[in-house]
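Worksheet for the structure shown next.
In full-length UniProt numbering, the protein residues as written are 1 to 166.
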């Protein structure tokens, strides 16, 4: 069985299905049929507006975000997105800033995957750990969260197999 780095924690039966679809050349068609449309969220300004719209709808009372941007450095951390909390002393006050960075590859991936990742990073405003409450919050903001996460992992596996860059 080949190593699929994006699917490492999934059951062997799923890995076998993905392997068979990859080898038969059917996976590309299935993914493109389901996720054929791109998106217009190309700039950091557009990503900020997109993220803030979701935040305002579901997490109105959560902490403010100071920065939301695409970053080429995120994939170097072996991640798809990051959230960070930066605290700085300014005079007698402690200023806390929260930032979200999304892997630049998501500029070219289908919008449902971008939404899933934005929801994931926003959920970290309320829940730092990947626990039940965290995933409940993700499902609240995106009911198809778990399916989108699996599909994204399969999509990235396909891109890696085909040596394509989004």
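The beta-carbon is built from N, C-alpha and C at its ideal position, and this holds for glycine as well.
(1) Can you list, in chain order, the residues of its chain with a C-beta nearer than 7 Å to that of residue 63? Leave out the 5 residues immediately preceding and following it.
(2) By DSSP's criteria, residue 82 is part of a beta bridge. Which residues make up the other side?
(3) Just how far apart, CA to CA, sit residue 121 and residue 54?
(4) Cβ atoms of residue 21 and residue 30: under 8 Å apart, would you say?
(5) Would you please state the rounded distance, in angstroms, between the beta carbons of residue 148 and residue 142? I believe it to be under 8 Å.
(6) At which residues does the beta strand (DSSP E) containing residue 71 begin and terminate?
(7) Within 10 Å of its beta-carbon, does residue 91 have 16 or more other beta-carbons around it, so buried, or fewer, so exposed?
(8) Given that a residue counts as buried once 16 or more other Cβ atoms are within 10 Å of its Cβ, and exposed if not, what is residue 81?
(9) For chain C, is any of its Cβ atoms less than 8 Å away from the one on residue 16?
Quick answer:
(1) Closer than 7 Å at the Cβ level, and outside the excluded window around residue 63, lie 98 and 125.
(2) Under DSSP, residue 82 takes part in a beta bridge, and its partners are 101.
(3) Spanning the two alpha carbons is a distance of roughly 11 Å.
(4) Going by C-beta atoms, residue 30 is nearer than 8 Å to residue 21.
(5) Between residue 142 and residue 148 the Cβ distance is about 7 Å, and since that is below 8 Å, they are a contact.
(6) Its beta strand (DSSP E) spans residues 67-71.
(7) Exposed: under 16 other Cβ atoms inside 10 Å.
(8) Under the 10 Å beta carbon count, residue 81 is surrounded by 16 or more other beta carbons and is classified as buried.
(9) Included in the structure is just one protein chain, with no chain C present.
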